[in-house]
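2 protein chains.
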Amino acid sequence: MNINIDFVNKLRISGLRPTKQRLKICEVLFNTEKTFHFTVNDLSKIISEKLNQKISLATIYNTVHAFKKKGYLKEISMNSDKTYFDTNTTHHHHFFDSSTMKLIDLSDDQVEKIKINKALPGKKISSVEILVKIENE
Amino acid sequence: MNINIDFVNKLRISGLRPTKQRLKICEVLFNTEKTFHFTVNDLSKIISEKLNQKISLATIYNTVHAFKKKGYLKEISMNSDKTYFDTNTTHHHHFFDSSTMKLIDLSDDQVEKIKINKALPGKKISSVEILVKIENE
DNA sequence: TACTTTCTTTAGAATCATTATAAACTATAA
DNA sequence: TTATAGTTTATAATGATTCTAAAGAAAGTA
Ligand SMILES: [Mn+2]
Ligand SMILES: [Mn+2]
Ligand SMILES: [Zn+2]
Ligand SMILES: [Zn+2]
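Sequence order for the protein chains is A and B.
FYI, the numbering for the first sequence is 976 to 1112, going by the numbering used here.
FYI, the numbering for the second sequence is 976 to 1112, going by the numbering used here.
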């Protein structure tokens, strides 16, 4: 199949060998219509329970971190004990639903330009992210 | 001293017994001109190293969480392995300096009104916080 | 193809922050 | 003073993440 060739290329270009573990993880993460948010535990469960495959947890961690380093994943800034990753690597913001513990994208153009009236000498801004916490009405 | 009486009252009002451990922690956290950010580890070190006092780590955790619950501390939404607390409990935003791993307040009035053009049915917003990551120029 | 090198995966151990346990201690009220 | 509920503490347990080191697989070379 073609999908796989794409992933093989993607990995090769990144200097990562296209192992079957990495290809499987690519399929789960990137062979979808929509982007999504996940924890390492989520990903591990999808692989073992839904796909009945066995990839060691160490490899899942290694791969997720490698993909993050290459810019194929983003780690999301929030607290709630859990660490979330995002397959949407464009600049965007988030809702965090405290009721469901789920993240929801808030695209950059759904937020009016953020203007910050405070400068810190010798420092430059590397990112500006909004976290909107929501709960049931 | 008067300071202590204030803290005794503060604790009593909150339904927390004014133990010497809690009073000591109050002094460290609230008997300062400026508000500040800290980790449990920071607080623990201030108590043991600067003040040469011995309060068990469990008590420090218990107290910090009790104070948070009472609204005397805020836990800050960010990732960076560390969990930060804030003695500034007013609504405000943060800079996070990746070079120093320190948080810097960004007051609400230093940010122009954030307008979000996305509503989620059945949900209400409980907070909106901005995290501005900065680094050396 | 055969051989070599480098990278990758893996099980299991180690780490580290945080939380739980349960016994000793202490503030408070009767 | 005594009883009660709340608090502190040492210590163990937990759970997410990282480390280790050996076995396995991909890539490069001839
Ligand atoms: Mn990480
Ligand atoms: Mn906490
Ligand atoms: Zn997202
Ligand atoms: Zn702050």
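For each residue, glycine too, the CB sits at the ideal point set by N, CA and C.
Query, Result
"Identify whether S1019(B) lies in helix, strand or coil by the three-state DSSP scheme.", "helix"
"Which residue wins for smallest C-alpha separation from S1073(B), given the options G1046(B), V1086(B), N1111(B) and V1039(B)?", "N1111(B)"
"Would you grab the beta carbon distance between H1066(A) and D1080(A) for me? Rounded to a whole angstrom, and I think it's under 8 Å.", "About 11 Å separates the two Cβ atoms, so there is no contact after all."
"Do we get a CB-CB distance below 9 Å when we pair F1011(B) with the residues of chain A?", "no"
"Please name the residues in the stretch 1083-1099 of chain A whose beta-carbon is closer than 9 Å to at least one beta-carbon of chain B, in chain order.", "D1084, Q1085, V1086, E1087, K1088, I1089, K1090, I1091, N1092, K1093, L1095, P1096, G1097, K1098 and K1099"
"Does the beta-carbon distance from L1026(B) to H1068(B) come in below 9 Å?", "no"
"Hey, quick one: how far does the beta strand (DSSP E) through L1106(B) stretch, first residue to last?", "K1098 to N1111"
"Which of the three DSSP states, helix, strand or coil, is assigned to K1077(A)?", "strand"
"Show which residues of chain B have a CB atom less than 7 Å away from the CB atom of E1002(A).", "Correct list: empty, because the minimum Cβ distance to chain B is about 26 Å."
"Quick check on the burial criterion: 16 or more other C-beta atoms within 10 angstroms. Buried or exposed for D981(B)?", "exposed"
"Is any beta-carbon of chain A found at less than 9 Å from that of K1108(B)?", "yes"
"I'd like the list of long-range same chain contacts for A1041(B), defined as Cβ closer than 7 Å, with 5 residues on each side in sequence excluded.", "L991"
"Using a 10 Å radius around the Cβ and a threshold of 16 neighbouring Cβ atoms, would you call K1029(A) buried or exposed?", "exposed"
"Applying the criterion that 16 or more other CB atoms from any shown protein chain within 10 Å of the CB defines a buried residue, is T1038(A) buried or exposed?", "buried"
"Closer than 9 Å, Cβ to Cβ, to anything on chain A: give me those residues from the stretch 1020-1032 of chain B, in chain order.", "none"
"Under 8 Å from any heavy atom of ligand 4, does the C-beta of T1034(A) make it?", "no"
"Taking the alpha-carbon positions, what's the K1009(A) to K1057(B) distance?", "31 Å"
"Let me know the secondary structure DSSP gives I1091(A) once reduced to three states.", "strand"
"Does DSSP put E1008(B) in a helix, in a strand, or in coil?", "coil"
"If we require 3 or more residues per run, which beta strand (DSSP E) segments fall completely within the stretch 1031-1083 of chain A?", "1067-1072 and 1077-1082"
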